[in-house]
Amino acid sequence: MFKFLKLVQNENMKSFRRFSTLVMFIMLLCALVFIGVVNKHYETHDSNKTWQQQLQAENHDLQKQFKANPDEHTKEALAINTYRLDHALKPTDSTSFWGSVKDAVNGMQFVMIFAIIIAGGIVSSEFGSGTIKLLLTRPVSRSTILLSKYVSTLFTLLVFGVACFVFSCLIAAALFGFDGLSSPYLFYSEGAVHEGSMLLHIFGLYGLQMVPAIMFVTVAFLISTVFRNTALAIGLSIFGLMAGSLVLQFLARFGWSKYVLFANLDWSPYFNGNGPFQKGMTLGFSATVLAVYYLLFIAFTWIIFKKRDVAA
Numbered sequence: 169m170f171k172f173l174k175l176v177q178n179e180n181m182k183s184f185r186r187f188s189t190l191v192m193f194i195m196l197l198c199a200l201v202f203i204g205v206v207n208k209h210y211e212t213h214d215s216n217k218t219w220q221q222q223l224q225a226e227n228h229d230l231q232k233q234f235k236a237n238p239d240e241h242t243k244e245a246l247a248i249n250t251y252r253l254d255h256a257l258k259p260t261d262s263t264s265f266w267g268s269v270k271d272a273v274n275g276m277q278f279v280m281i282f283a284i285i286i287a288g289g290i291v292s293s294e295f296g297s298g299t300i301k302l303l304l305t306r307p308v309s310r311s312t313i314l315l316s317k318y319v320s321t322l323f324t325l326l327v328f329g330v331a332c333f334v335f336s337c338l339i340a341a342a343l344f345g346f347d348g349l350s351s352p353y354l355f356y357s358e359g360a361v362h363e364g365s366m367l368l369h370i371f372g373l374y375g376l377q378m379v380p381a382i383m384f385v386t387v388a389f390l391i392s393t394v395f396r397n398t399a400l401a402i403g404l405s406i407f408g409l410m411a412g413s414l415v416l417q418f419l420a421r422f423g424w425s426k427y428v429l430f431a432n433l434d435w436s437p438y439f440n441g442n443g444p445f446q447k448g449m450t451l452g453f454s455a456t457v458l459a460v461y462y463l464l465f466i467a468f469t470w471i472i473f474k475k476r477d478v479a480a
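Going left to right, the sequence shown walks through residues 169 to 480 as my numbering numbers them.
Set out below in structure tokens:
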């Protein structure tokens, strides 16, 4: 175990000492600052109205909409707005602390791309430079070496995710202060509005983003190991990240599309009530499908790496 942890530590040191990794952190910070500045200078609310008046006007429109077309989403929105008015709870819009932090969750797209770039080169670069031969002379198995690189990649993803959250909190505090810091997260369940922790809600949003992040990082790691080509690993993985939704739109008319990897990456519909991609899909179903894909990716990666002739 000590040797394994030492290998992981060495991989982490190599990753975080690279100048390119520092550039990624700076780019992430700049992207989050940009999101915060946009929220600061392009406020969409009507400054001539109080938030109570805005909610009352919104409720008036929602009531008309509900009469014309009764649906659960409109009912939930009405209930939450009414609860806010009754309990004097100001909405957490983009110009509040938590609203800004919540918007910054979009920065996880950059985190995914950066993690893919690192995963796409962590194995193939060893083959390209010839250092893989020296690495395999260590008194540890090939599986242990490969696992240390994979764990290091996931650790890097986690560090970028934590950095995204910390940066967003600092930026929100600098731009908007701590307005609404004590505001609860409101959600509608079993016919009533409930209060929850806004911090836990934000963590949940990050957790949902980590699901596709781990899968795409694993795909990049697989391609990097199997084809020993950094550009191919990064290119295909980022293409999948960007084009996945378009692929689903094309396949939506086919019932079997629910077994496609992309169809099971977004778990948010299971929590926000929007409904799954296909009928019959549940959180357990998507988790099972992803688990199968994940095990196949990992097994294929390990089999190829263990049998590969490094002299080739």
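Think of the CB as a built atom: it goes at the ideal place given N, C-alpha and C, for glycine as much as any other residue. For clarity, every value in this text was computed on a predicted model and none was experimentally measured.
Asked                                                                                                          : Found
Cβ neighbours of TYR353 in the same chain (closer than 6 Å, five flanking residues each side left out)         : GLY364, MET366, HIS369
Start-to-end residues for the beta strand (DSSP E) that takes in LEU197                                        : That residue, LEU197, is in no beta strand (DSSP E); its alpha helix (DSSP H) goes 187-209.
Anticipated Cβ contact below 8 Å, SER405 with GLY288, distance rounded                                         : 6 Å
Three-state secondary structure assigned by DSSP to GLU363                                                     : strand
Span of the beta strand (DSSP E) around LEU354                                                                 : 353-357
Under 8 Å between C-beta atoms of LYS258 and SER351                                                            : yes
Option nearest GLN231 by Cα separation, candidates PHE202, ILE281, LYS217, ALA247                              : ALA247
LEU414 - DSSP class collapsed to helix/strand/coil                                                             : helix
Beta-carbon proximity check, PHE465 vs THR398, cutoff 8 Å                                                      : no
Three-state secondary structure (DSSP) of ASP254                                                               : helix
Host alpha helix (DSSP H) of ALA459 (start-end)                                                                : 451-475
Counted within 10 angstroms of its Cβ, other Cβ atoms place MET169 as buried (16 or more) or exposed           : exposed
Reduced DSSP secondary structure (H/G/I, E/B, other) of PRO444                                                 : coil
Nearest to VAL319 (by Cα), restricted to the options ILE472, ASN178, PHE468                                    : ASN178
Span of the alpha helix (DSSP H), counted from its first residue to its last, around GLY267                    : 265-271
Residue interval of the alpha helix (DSSP H) (run including ARG278)                                            : Note that residue 278 corresponds to Phe in the displayed sequence, not to Arg. That run of the alpha helix (DSSP H) goes 276-289.
For SER357 and ASP239, the rounded distance between their alpha carbons                                        : 15 Å
Whole-number beta carbon distance between PHE265 and ALA340, since they are thought to touch under 8 Å         : 5 Å
Nearest to SER183 (by Cα), restricted to the options PHE439, SER316, TYR462, VAL457                            : SER316
THR321 beta carbon less than 8 Å from that of LEU390                                                           : no
Residues near THR218 in its chain [Cβ-Cβ closer than 7 Å; skip 5 each side]                                    : none
PRO380 classed as buried or exposed, judged by whether at least 16 other C-beta atoms fall within 10 angstroms : buried
Presumed contact (8 Å Cβ cut-off) between ILE286 and THR312, rounded CB distance                               : At roughly 20 Å, the Cβ-Cβ gap does not stay under 8 Å, so ILE286 and THR312 are not in contact.
Pairwise C-alpha distance: ARG186 and MET195                                                                   : 15 Å
DSSP state of ALA420 mapped onto helix, strand, coil                                                           : coil
Meets three-Cβ-pair contact criterion under 8 Å: the region 444-462 and the region 416-434                     : yes
Start and end residues, alpha helix (DSSP H) containing ALA431                                                 : Neither: ALA431 is in no alpha helix (DSSP H) and is coded neither H nor E.
Residue environment, VAL269, which counts as buried when at least 16 other CB atoms sit within 10 Å            : buried
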